[in-house]
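Residue numbers (our numbering), protein chains in the order written: chain Y, 8 to 254; chain U, 100 to 405. Let me begin by presenting the structure, written as structure tokens, before commenting on it.
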Ligand SMILES: Nc1ncnc2c1ncn2[C@@H]1O[C@H](COP(=O)(O)OP(=O)(O)OP(=O)(O)O)[C@@H](O)[C@H]1O
Ligand SMILES: [Mg+2]
């Protein structure tokens with residue numbers, strides 16, 4: 008059974024078509040990079056997978072069943088600016104907040120919850136900073152906090168929205184390695200990014216999206232510059248294509 | 100007047116309204132301090148302001164028909180909070196101008212209604228600026244009971260409120276009922292405002308909600324500590340404010356708010372980590388240390404710690 012199966016997905020936002028006929032499959036162990044220009048619908052696709060927006064047509068199956076908030080085994084790592092970083096709260100409390108839905112109304116987090124928090128923090132190597140207020144972290148550390156928060160639910164599918172944006176190269180590499188090993192442990196990982204080099208480097212598969220899936224294949228299979236031109240709407244002389252040919 | 104005289108007066112049966120006023124002021128400040136933490140952290144001070152305006156017609160109607168002011172205010176306030184919650188779900192609508200229009204209108208309506216009651220001038224002043232006399236026992240119990248319910252709900256839903264504050268989208272994806280949590284929070288803010296109206300008054304109640312929580316935020320980076328400090332600051336300000344008001348014959352609401360503001364200013368200047376003078380002082384210390392044989396790199400670290 009597929010970890011994630013998206014069939015003929017159509018999504019409208021504000022009365023305008025945003026996604027049309029999107030078809031995408033993910034298996035456990037894959038790290039898939041979702042590439043596309045600004046406004047291509049990458050974030051919208053992630054939100055549709057999480058069932059935060061109701062699609063106009065088509066369906067999203069998570070491990071064979073329709074996606075449902077709080078029920079499906081999906082971990083979500085939104086863009087860093089979605090989070091209120093000036094909140095007076097420690098790293099471990101933020102990671103614990105990822106389990107709020109699981110703990111349930113009128114209940115307090117128990118031993119199992121704290122154990123999951125500890126494991127998630129170890130996984131992203133933030134255990135040493137667990138009591139630090141989140142406002143006092145660097146961009147790379149913040150990104151790892153958000154990943155740990157998603158991991159606290161022990162998800163089998165991980166969705167990451169632009170995890171590399173605004174980070175320097177060493178930090179990107181560190182995170183890229185982390186995502187690769189999270190996938191290698193048997194999770195299905197889907198991440199949007201604008202970082203072509205990092206995506207080519209660490210992803211097992213790339214999906215080019217612009218309103219619909221333009222191309223889908225292993226990095227070495229996407230040497231045809233025509234699909235890149237179509238996805239990003241650039242001309243043959245674009246530096247983007249030089250980059251594609253180089254890697 | 101000395102503190103001992105104040106306590107003697109508190110126990111004086113002829114001044115029975117004084118302990119009642121103290122109980123009201125302290126209870127409402129404590130509740131406002133706790134709820135205010137969410138208000139400050141979510142940056143939703145405008146809701147407090149909106150509600151404070153909107154309860155006025157409710158209170159005016161209650162006054163004209165001689166009903167419970169707390170109840171009248173609560174009904175009008177909760178209705179407003181629900182409307183705001185519903186409107187603010189649609190993030191494309193700019194709610195602040197909407198609130199500006201409707202709530203000043205509500206306030207105006209309140210003034211018109213209350214002007215129909217004989218001898219309204221005195222009562223109007225009481226609503227606007229608060230008073231310590233004329234609190235019926237019934238309201239004392241109502242405020243106490245409501246306060247307990249508010250604190251109970253905060254305790255029960257704290258982790259959900261925090262999750263929504265941190266990240267709405269993530270909370271939705273976890274299956275939390277974000278819309279209903281917003282409604283409950285708005286209603287809690289409204290009730291906190293309503294129970295504080297009697298002593299503090301309509302105009303100043305926003306300060307009771309914001310100032311202690313903002314001061315507490317300056318003093319700590321831990322939410323749990325903040326939510327204990329804010330009610331402590333609020334309750335303490337109420338006690339000291341009432342004492343000063345009684346001793347020097349000052350308006351009670353204004354005095355309480357000024358005491359809380361003094362605490363806020365003191366926190367702003369001397370808070371352990373984020374205070375203005377504290378940072379200066381640390382910088383001076385770092386400079387002094389760096390004058391010795393400290394390697395350059397450590398100086399940089401000392402400077403960076405500001
Ligand atoms: N709430 C909304 N209402 C209406 N249209 C929206 C809404 N959110 C996004 N859109 C539109 O949907 C399209 C896709 O947006 P989306 O955020 O998914 O793009 P993206 O690929 O994530 O872009 P970026 O790289 O800039 O993050 C855009 O054209 C955007 O204008
Ligand atoms: Mg996006």
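Glycine included, each C-beta is placed from N, C-alpha and C at the ideal position.
- Within the segment 64 to 86 of chain Y, those residues whose Cβ lies closer than 7 Å to any Cβ of chain U are, in chain order, 76, 77, 78, 83 and 85.
- For residue 238 of chain U, the enclosing alpha helix (DSSP H) begins and ends at 236 to 265.
- Chain U places no beta carbon closer than 8 Å to that of residue 145 of chain Y, leaving this residue out of the contacts.
- Residue 162 of chain Y and residue 82 of chain Y do touch by the CB rule: their CB atoms are close to 3 Å apart, below 8 Å.
- Our two residues, residue 277 of chain U and residue 268 of chain U, have alpha carbons roughly 9 Å apart in a direct line.
- In the three-state DSSP reduction, residue 15 of chain Y falls in the strand class (E or B).
- Here residue 153 of chain U has 175, 176, 179, 202 and 205 as same chain residues with Cβ atoms under 7 Å from its own Cβ, once five neighbours each way along the sequence are excluded.
- Collapsing the DSSP output to three states places residue 140 of chain Y in a strand.
- Residue 270 of chain U sits in a helix when the DSSP states are folded into three classes.
- Around residue 99 of chain Y, no beta-carbon contact reaches into chain U at under 8 Å, the shortest distance being about 12 Å.
- A contact is defined here as three or more CB-CB pairs under 8 Å, and the segment 142 to 149 of chain U fails this definition with respect to the segment 326 to 339 of chain U.
- Between residue 210 of chain Y and residue 40 of chain Y the beta-carbon gap is near 4 Å, inside 8 Å, which marks them as a contact.
- Closer than 8 Å to the CB of residue 59 of chain Y there is at least one CB belonging to chain U.
- Judged by their CB atoms, residue 170 of chain U and residue 162 of chain U are not nearer to each other than the 8 Å cut-off.
- Listed in chain order, the alpha helix (DSSP H) elements of length 4 or more contained wholly in the segment 59 to 131 of chain Y are 98 to 104, 107 to 110 and 118 to 130.
- Counting only the Cα atoms, residue 340 of chain U lies some 19 Å from residue 233 of chain U.
- Between ligand 2 and the CB of residue 208 of chain Y, the shortest heavy atom gap is not smaller than 7 Å.
- At a cut-off of 8 Å, the C-beta of residue 96 of chain Y has a neighbouring C-beta in chain U.
- Going by beta carbons, residue 235 of chain Y and residue 216 of chain Y fall outside the 8 Å limit.
- Within chain Y, no C-beta atom comes nearer than 7 Å to that of residue 131 of chain U; the closest sits roughly 19 Å away.
- Within the segment 125 to 141 of chain Y, those residues whose Cβ lies closer than 8 Å to any Cβ of chain U are, in chain order, 140.
- Contacts with chain U at 8 Å (Cβ-Cβ) include residue 108 of chain Y.
- Put simply, the residues with a CB less than 7 Å from any heavy atom of ligand 2 are Y:49, Y:50, Y:86, Y:168, Y:169 and Y:199, in chain order.
- Not flagged as an interface residue toward chain U: residue 186 of chain Y, since no C-beta distance is shorter than 8 Å.
- In this structure, ligand 1 has a non-hydrogen atom nearer than 7 Å to the beta-carbon of residue 20 of chain Y.
- Residue state for residue 146 of chain Y is assigned as helix, using DSSP reduced to three classes.
- Here residue 198 of chain Y is buried, its C-beta having at least 16 other C-beta atoms within 10 Å.
- Take residue 343 of chain U, set aside five residues on each side of it, and the residues of its chain with a beta-carbon closer than 8 Å to its own are 349, 354 and 358, in chain order.
- In chain order, 153, 154, 157 and 167 place their CB closer than 6 Å to the CB of residue 84 of chain Y, counting only its own chain and leaving out the 5 sequence neighbours on each side.
- Considered as a whole, the segment 318 to 388 of chain U harbours 322 to 347 and 351 to 369 as its complete alpha helix (DSSP H) runs of no fewer than 4 residues, in chain order.
- Note on residue 91 of chain Y: 16 or more other CB atoms within 10 angstroms of its CB, so buried under the neighbour-count rule.
- Taken in chain order, the members of the segment 250 to 268 of chain U whose beta-carbon sits within less than 7 Å of a beta-carbon on chain Y are 255, 258, 259, 261, 262, 264, 265, 266 and 268.
- By the Cβ rule, the segment 366 to 375 of chain U counts as touching the segment 305 to 318 of chain U, because three or more pairs are nearer than 8 Å.
- Residue contact check for residue 287 of chain U against chain Y: no CB pair falls below 8 Å.
- Exposed is the label assigned to residue 103 of chain U, since fewer than 16 other Cβ atoms lie within 10 Å of its Cβ.
- When rounded, the separation of the alpha-carbon atoms in residue 324 of chain U and residue 257 of chain U is 14 Å.
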